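Here the structure comes first, spelled out in structure tokens, and everything after it is commentary.
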Amino acid sequence: MVANDISDLIHRSEQTMALTGAGVSAESGLATFRDTLTGLWERFDAAQLATPEAFERDPALVWGWYEWRRAKVATAKPNGAHFALAQLEAARPQTVVVTQNVDDLHERAGSRNVLHLHGSLFTPRCARCGRPHRFDATPTVETEGGRRIEPPRCSACGGQLRPGVVWFGEPLPSAAWQKAEAAATTSDLLLVVGTSGLVQPAASLPLIARRAGASVVVIDPHPTAIDEISTRCLRGKAGEVLPHLISAALS
Ligand code: BV8
Ligand code: ZN
């Protein structure tokens with residue numbers, strides 16, 4: 210049975226890393242990129258909205274989309290997968306979670322070593338001078354299913370704020386990327402959870418880990434682009450299988 214085998218790999222691991230994608234938040238009710246987005250946004254393609262050009266062209270549409278997503282994250286709860294990874298880190302503080310997600314569910318589940326390769330919904334900054342800003346309220350935009358919202362203005366230069374995420378065509382935050390790459394070369398086990406493995410350079414981490422001698426375990430109900438370089442593939446929902454795998458590994 211693959212699951213016992215995977216629990217054993219986790220049990221024996223000295224340094225475990227997880228690479229998570231939208232699928233780890235799916236059971237928290239947050240749409241993945243390959244699902245059609247509900248409400249007003251189903252006629253848009255996420256990859257079209259998550260670009261500097263889209264923000265340049267229509268800042269209110271893009272800011273409204275991110276505020277809609279922030280509102281949905283605010284009402285979402287971490288699921289069993291987030292809690293299981295936090296439990297693993299509590300038992301083994303050297304565990305690292307590298308996420309492509311811009312939500313805060315790993316942190317809300319208790320994970321502390323979380324690297325956000327693609328930024329966060331919660332760190333807006335000025336598009337002109339780069340000054341970081343904070344949100345003082347959670348939007349209720351979710352109730353209207355998302356709408357255009359003029360981005361707030363920078364308190365220093367009056368420029369428009371932009372979401373603190375990494376758009377397609379933008380470089381990843383170098384500190385996060387360097388730490389993620391280092392973790393991939395020093396971990397003996399990489400759990401790849403809920404990612405289709407299509408976006409670079411995040412999707413290159415499993416190959417880096419494999420080449421450095423790590424076991425690579427994919428947990429996903431569907432086939433992914435990482436499967437072919439994985440050591441094991443578990444066809445299942447992260448919120449269902451990860452809690453069992455990790456509690457068996459730690460018992
Ligand atoms: C860069 C933040 C260079 C914003 C995101 C041509 C070829 C190769 C590469 C490129 C190319 N053209 C352009 C590129 C580069 C591009 C890229 O990779 N494009 C792809 C589309 C081909 N990459 C970039 O642009 C990156 N930057 O390269 O910069 C550079 C360098 C120096 C200077 C200047 C420039 C930046 C990429 C980051 C983009 N931002 N997110 C936001 O969130 O709005 S990407 C976003 O999409 C996510 O962060 C994530 O990375 C990706 C979605 O992927 P997943 O998370 O995997 O989600 P997906 O829906 O695909 O899959 C969900 C999975 O979960 C599925 O497998 C499903 O089965 C599974 N699942 C479902 N339910 C469950 C489940 N699993 C478990 N349990 C469940 N219950
Ligand atoms: Zn500014």
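The opening residue of the sequence shown carries number 210 in the numbering used here; numbering runs sequentially from there. Yeah, the Cβ is synthetic: ideal placement off N, Cα and C, and Gly gets one too. None of the values given here were measured: they were computed from a predicted structure.
Nearest-angstrom beta carbon gap, residue j and residue i [assumed within contact, 8 Å]
| i | j | result |
| --- | --- | --- |
| P432 | K446 | At roughly 15 Å, the Cβ-Cβ gap does not stay under 8 Å, so P432 and K446 are not in contact. |
| S216 | A457 | 4 Å |
| R337 | G373 | Going by Cβ atoms, the distance from R337 to G373 rounds to 15 Å, so no, they are not a contact pair. |
| P287 | R266 | P287 to R266, Cβ: 35 Å. No contact. |
| P261 | G378 | 6 Å |
| L314 | S405 | Rounded, the Cβ-Cβ distance is 18 Å, inconsistent with contact. |
| I417 | A385 | Their Cβ separation, rounded to whole angstroms, is 15 Å, which puts I417 and A385 out of contact at 8 Å. |
| T304 | T225 | 5 Å |
| T308 | L324 | 7 Å |
| V401 | V426 | 7 Å |
| A300 | R357 | So it is not a contact: roughly 46 Å between Cβ atoms. |
Buried/exposed call for residue i, threshold 16 Cβ in 10 Å
| i | result |
| --- | --- |
| E276 | buried |
| K281 | buried |
| A346 | exposed |
| S320 | buried |
| D312 | buried |
| R444 | exposed |
| N310 | buried |
| A293 | buried |
| G339 | exposed |
| A255 | buried |
| L407 | exposed |
| C363 | buried |
Residues bridged to residue i [DSSP beta-bridge criterion]
| i | result |
| --- | --- |
| G328 | V374 |
| S234 | Beta-bridge pairing links S234 to no other residue. |
| V323 | V306 |
| C335 | L370 |
| R362 | Q369 |
| P341 | R334 |
First through last residue of the alpha helix (DSSP H) which encompasses residue i
| i | result |
| --- | --- |
| L414 | 414–420 |
| R317 | 314–318 |
| T394 | 383–395 |
| V408 | Unbroken run through V408: none, as it is neither H nor E. |
| H472 | What the structure shows of the chain is the stretch from 210 to 460, and residue 472 is not part of that stretch, so it cannot be assessed. |
| H291 | 289–300 |
| A256 | 255–258 |
Start-to-end residues for the beta strand (DSSP E) that takes in residue i
| i | result |
| --- | --- |
| V282 | No beta strand (DSSP E) contains V282, which is instead part of the alpha helix (DSSP H) from 268–284. |
| L228 | 225–229 |
| T308 | 305–308 |
| L400 | 398–402 |
| S424 | 424–428 |
| L443 | 441–443 |
Beta-carbon distances below 6 Å to any heavy atom of the ligand ZN define the shell here; list its residues in chain order, please.
In chain order, the qualifying residues are C335, R337, C338, R340, C363, A365, C366, G368.
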